[in-house]
Structure formats: structure tokens, C-alpha cells
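Colleague: The structure's right below; bear with me while I get my questions together.
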Amino acid sequence: MLTIRNLQVEYKKEFPVLKGIDLSMESGKIHGLVGLNGVGKTTLLNTLYSFIRPSAGSVSYNDRSLKRQDIAYLEAENYFYPYMTGREYLDLFPAGTNGFKTDNWQQLFHIPLDDITENYSTGMRKKLALLAVLKLDKPIVVLDEPFNGLDLESAHILTLILQQLRKGGKTVLVTSHVFETLTSCCDYIHHIDHGAIDHSYSKDQFEMLQKRLYSTIEDQASDQIKRLI
Numbered sequence: 511m512l513t514i515r516n517l518q519v520e521y522k523k524e525f526p527v528l529k530g531i532d533l534s535m536e537s538g539k540i541h542g543l544v545g546l547n548g549v550g551k552t553t554l555l556n557t558l559y560s561f562i563r564p565s566a567g568s569v570s571y572n573d574r575s576l577k578r579q580d581i582a583y584l585e586a587e588n589y590f591y592p593y594m595t596g597r598e599y600l601d602l603f604p605a606g607t608n609g610f611k612t613d614n615w616q617q618l619f620h621i622p623l624d625d626i627t628e629n630y631s632t633g634m635r636k637k638l639a640l641l642a643v644l645k646l647d648k649p650i651v652v653l654d655e656p657f658n659g660l661d662l663e664s665a666h667i668l669t670l671i672l673q674q675l676r677k678g679g680k681t682v683l684v685t686s687h688v689f690e691t692l693t694s695c696c697d698y699i700h701h702i703d704h705g706a707i708d709h710s711y712s713k714d715q716f717e718m719l720q721k722r723l724y725s726t727i728e729d730q731a732s733d734q735i736k737r738l739i
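Residues in the sequence shown are numbered consecutively from 511, following this note's numbering.
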């Protein structure tokens, strides 16, 4: 169980970003995190991975303090040394105990691992970064916008991978701006708004959440669109 209690982050005292996040995430489940731009999704993930120091609150995993070593984190934007091959990039990451075989994954994702990453497309870079995360084989897998840049085939393969991670007892946390990618794989979706978890939704409530999100967007945008067109 990954447990977040009263987690707060502020860049300045007058500018709080996370305003007391409370959230419990079961192992062996896929958890989605959804919200409009600027509400704190990536800040929360960066705080879990210790990129950001919280101003208050705590995060625990199985009744002890969470450590960075517990997490494999796929950031929304990934950096690659331009003249390094994909294979050399993967060699930088220590393998866990899951028997990771680079060539087998290459066949699945069709990545030219012996080419330099400078020549990779956006989708290839995303898949390479994902392979590095899978190679680490950590109990908690945090993926920030993992579907961005993926074609239809790769996106579906990613969904199948997430389902297999769930079967293996991992705690998986995924963000996406495309709501349907979350409903296709998640057991729970947590709605973050203005720096706090507004509500957590189970599968049978996803339609309710979708209507709520789209209604908010329509309320904010409809009048502006009418004035512009």
C-alpha cells in the first residue's frame, strides 16, 4: 500500500501547489491521475520520486517511509544523449529480478536499438524510456503521460504491459490527458483539482467522472468559442 498523507508543496509561501494530498493506493492495482493543466499532477509525481521536497506531510509504502529506490519513474519528457544508441542507454540501467531481455523487448516494440537516439522519433524515445523503467523492476511504477507519442499498436501494447504489471502485484500510477487511455486500463482514477484530491473513482464510476470533467471544460470554453467563431 502506498499511502500519502497531507502532502503539501509550495514554491513560495504565497504560491502553494499541493494543498494537502491524501491518497491510498493498493498494490496490484492500476491507479490513474487526472486533472486539468496546472493542478499539480506532475508536481505530485516529482514529489513521490524526491525531485521535490514537500513542505509538509508524509508518504509511506507498506508502513515505512517511501524511498526513491522503491519507484521506477517515467517522466513526461525524457533526456537522451544524442550520440548514444538505444542499447547503450538501456545498459545504463541496472536490471531487476524479472529476467529482462533487451532483444525480446526490441522485437515487441520494434525499436532500432543500435541506432543513435538522436535519430529516434518521439514515439521511439517514449518506448525506449519505458523499457528502462521496466528493466528496473521496482514495486512502484509511476508513469507521467506514457501514451504521448505512441501509435495505436504501441499504445495497446502498453495497456497490456500495465495489466501484466498489475498481475505481478505492482503499484502502478499513470497520468494522461486523454481520458479514454485511463478508463481502458485503470482500476481507480483519482481526480486532482487545485492541488488536492477531489475524489477517487472506481471503474463503475468512470462515466460519472468523464461527464463531470467534460462539463467543466464546456462551461469554461463554450462562451469563448462562440465569441471566436
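Glycine residues also receive a C-beta, built at the ideal position from the N, C-alpha and C atoms.
Spatial neighbours of GLU655 within its chain, please: CB distance less than 8 Å, with the 5 preceding and 5 following residues excluded, ordered by chain position.
Modeller: So the qualifying residues of the chain are ALA586, THR685, SER686, HIS687.
Colleague: Suppose you measure from the CA of GLY596 to the CA of LEU618; what does that come to, to the nearest Å?
Modeller: The alpha-carbon atoms of GLY596 and LEU618 are separated by roughly 15 Å.
Colleague: Assign LYS736 to one of two classes, buried (16 or more other C-beta atoms within 10 Å of its C-beta) or exposed (fewer than that).
Modeller: Exposed: under 16 other Cβ atoms inside 10 Å.
Colleague: Roughly how many whole angstroms lie between the Cα atoms of ASN516 and ILE739?
Modeller: Between ASN516 and ILE739, the C-alpha separation is close to 44 Å.
Colleague: Could you name the residues of the same chain whose beta carbon sits closer than 6 Å to that of GLY659, not counting the 5 residues immediately before and after it, in chain order?
Modeller: Around GLY659: THR632, GLY633, LYS636.
Colleague: Residue range of the alpha helix (DSSP H) that GLY659 falls in?
Modeller: GLY659 -> no alpha helix (DSSP H), and no H or E assigned at all.
Colleague: Okay, do the region 569 to 589 and the region 707 to 722 touch, 3+ Cβ pairs below 8 Å being the bar?
Modeller: Touching, no, given that fewer than three Cβ pairs across the two stretches are closer than 8 Å.
Colleague: Looking at the structure shown, is ARG563 part of a helix, part of a strand, or coil, going by DSSP?
Modeller: Coil at ARG563, not helix or strand.
Colleague: Let's see if you can read the secondary structure: which residues bound the alpha helix (DSSP H) around ILE727?
Modeller: Here the alpha helix (DSSP H) through ILE727 covers 716 to 738.
Colleague: In angstroms with no decimal places, state the Cα-to-Cα distance between LEU653 and ASP733.
Modeller: Taking the straight line joining both Cα atoms gives about 35 Å.
Colleague: Taking 8 Å as the threshold (C-beta atoms), are VAL643 and LEU584 in contact?
Modeller: Cβ distance < 8 Å, so LEU584 and VAL643 count as in contact.
Colleague: I want to check one thing, is the minimum distance from the CB of VAL569 to the heavy atoms of the ligand PLP below 7 Å?
Modeller: Only the bare structure without any ligand can be found here, which leaves the ligand PLP out of the picture.
Colleague: Taking contact to mean 3 or more Cβ pairs, one atom from each stretch, closer than 8 Å, check whether the region 551 to 564 and the region 599 to 613 are in contact.
Modeller: Segments in contact, no.
Colleague: Comparing alpha-carbon positions, which option in ASP661, HIS700, SER725, ALA706 lies nearest GLN715?
Modeller: Residue HIS700 is the option with its Cα nearest to GLN715.
Colleague: Using DSSP with H/G/I as helix, E/B as strand and the rest coil, what is VAL651?
Modeller: In the structure shown, VAL651 sits in a strand (DSSP, three-state: E or B).
Colleague: For ALA665, does the three-state DSSP call read helix, strand or coil?
Modeller: DSSP places ALA665 in helix when its eight states are reduced to three.
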